[in-house]
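Numbering (the UniProt record's numbering), first residue to last: 1 to 564.
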């Protein structure tokens, strides 16, 4: 510091000490200029503050003057200037790393305008680049917002829009180039983005391999998002699961750790499959999905429910049991979904469903999905649904891509006929249906003796064994699966292209769900029925009820009708 400046400061200090109006100067210092205020603080005014505040410790005038203008004053010591510069840089770095709080309205405006289209990382990158060219400590918040948005708009105009960057980073599986029928291709041309879904949900949808919504998804997703009750009827394998999972995931509040959606299914395998779909679609969301079914540890389910759960998938009996025990709290559940509603509203499940509804709030939304709707569904709709939106995409009951044949055989010739089919058909994976548990196990043993890989599954198996068989067959560990009607409901294995009814079903509903295991999501499939003399009347009746034609099997079957 130069002596001239120091002398001036000391003279001013002496003048203040001699002034009798000391207190007036203390209380009027707000009216002084910034320069005068700094001089006052660096001089004898500190003595007055000592009198007003006993704990106040006055500083040396030289120290006060050096710290008053660390940047503007060019005559400060080099060490002090370096320290001040380092402190300012440290503050700038802290500002860059800081997450903006809700108290700053300008930051709220930036977040509001940028967050829907840019991720947090992209937003911070823009802020960092902007800060490199501007001294933010000297810019107003308004100017910062304007410059940031100009940079954002310029980037979009140059074809580098942030709104498209997230798609480029997705791990999208290869497109399925197999032929698809009008069951899933006859759409209105909508895109998933047309429904204004959360970006994280869209990421899960595209990474799941979904390209565009199917007809049932086009109809149900926008209606479900409005909160209306839905009664939807569509063919097997046309995308019904995603039609209710997508709006369910969209409507869940991630910050509210209560059960908000319950999805009921009739079988344990379908519960596992549906919960897996929910997890895959919502893997970028902070949504907790839980599956609970009979045959598993009740204690484990109770312990799991003490942790946050947003979406619960399960069979009616187990969920009702947990609700009665008070560990499954459904008072905040706003959506109830019944998949395979015709089965859930049969005498086997309907009492449990009606008791479970009593635990839900009166303002709940109910969605019913199935391929068939008997009279019991209409009765339930009239009692529990409020002005439901009815969707019916069943111009015909059977899938367009499934070719159906029958072969007249004697009972003792069935295994030989099955062996012939295995040798002549191009089978990716097949499901073979029997009408009883004993026949399932006997047939699986016979198929293994013939030299073909084979699994079997039925309702009397231990749940862990059932889960393992289902998982392995789904992952392609085995080509053939023998089962009862346990496996007819909703099971989606797209590699299955052949269904064989070793025992012909007794009614059209069971037949429809059995053959619907092939030709999933518009792909081609083949259904072969082994008919005995006693089955001929059921065959004719099912043809009439379903309005379909089941042809006699030819000597040679063209692979193009089920393998394209």
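C-beta atoms are modelled at their ideal positions from N, C-alpha and C, and glycine is treated no differently.
With respect to the 9 Å criterion, residue 433 and residue 514 are classified as neighbours on the basis of their beta carbons. Restricted to the region 205-281, the beta strand (DSSP E) segments that are unbroken, complete and at least 3 residues in length are 230-233 and 261-264, listed in chain order. Boundaries around residue 404 are those of the beta strand (DSSP E), 402-408, since no alpha helix (DSSP H) includes it. When rounded, the separation of the alpha-carbon atoms in residue 187 and residue 176 is 17 Å.
Between the C-alpha atoms of residue 482 and residue 447 there is a straight-line separation of about 9 Å. Rounded to the nearest whole angstrom, the C-alpha separation of residue 235 and residue 393 is 7 Å. Excluding sequence positions up to five before and after residue 252, its CB lies within less than 7 Å of the CB of 260, 261, 287, 310 and 311, all in the same chain and listed in chain order.
DSSP lists 314 as the beta-bridge partner residues of residue 292.
In terms of Cα proximity to residue 530, the closest of 241, 512 and 404 is 404. When the Cα atoms are used, residue 168 and residue 193 turn out to be separated by approximately 15 Å. Around the beta carbon of residue 560, a 10 Å sphere encloses fewer than 16 other beta carbons of the protein chains shown; the residue is thus reported as exposed. The continuous alpha helix (DSSP H) containing residue 384 extends over residues 375-384.
Beta bridge pairing from DSSP links residue 527 with 404 and 499. In the structure shown, the three-state DSSP call for residue 454 is strand. Inter-segment contact for the region 359-366 and the region 271-291 is absent: fewer than three beta-carbon pairs are separated by less than 8 Å. In terms of CA proximity to residue 202, 250 leads the group 220, 250 and 499. When the five nearest sequence neighbours on each side are left out, the beta carbons in the same chain lying within less than 7 Å of the beta carbon of residue 355 are those of 320, in order along the chain. Listed in chain order, the non-local C-beta contacts of residue 390 below 7 Å within the same chain comprise 231, local neighbours out to five positions each way being set aside.
Counting only unbroken stretches of 4 or more residues, the alpha helix (DSSP H) elements lying wholly within the region 432-487 are 437-449 and 463-474, in sequence order.
According to DSSP, residue 389 shares a beta bridge with 230. The distance from the Cβ of residue 341 to that of residue 368 is about 4 Å, consistent with a contact at the 8 Å cut-off.
DSSP places residue 366 inside the beta strand (DSSP E), whose first and last residues are 365-370.
In the three-state reduction of the DSSP assignment, residue 336 falls in the strand class, which pools E and B. With a cutoff of 9 Å on beta-carbon distance, residue 485 and residue 237 are scored as not near each other. Taking a cut-off of 8 Å for Cβ pairs, the region 418-436 and the region 447-467 touch, as three or more such pairs fall below it. Inter-residue distance for residue 402 and residue 206 is about 27 Å (C-alpha atoms, whole angstroms). Between residue 458 and residue 247, the alpha-carbon positions lie close to 33 Å from each other. Non-local beta-carbon contacts of residue 387 in its own chain, meaning distances under 8 Å to residues more than five positions away in sequence, involve 228 and 229 in chain order. Counting the other CB atoms within 10 Å of its CB gives residue 426 a total below 16, which places it among the exposed residues. In the assembly as shown, residue 497 is a buried residue. Its beta-carbon has 16 or more other beta-carbons within 10 Å. Taking a cut-off of 8 Å on C-beta distances, the region 500-512 does not touch the region 468-477, as fewer than three cross pairs fall below it.
Within the DSSP bridge table, the entry for residue 552 names 406 as partners.
For residue 441, the CB contacts under 7 Å within the same chain, skipping 5 residues up- and downstream, are 456 in chain order. Nearest in C-alpha terms to residue 538, of all of 505, 489 and 461, is 505. Counting every other CB atom within 10 Å of its CB across the protein chains shown gives residue 219 a total of 16 or more, marking it as buried.
About 13 Å separates the Cβ atoms of residue 333 and residue 305, ruling out a contact at the 8 Å cut-off.
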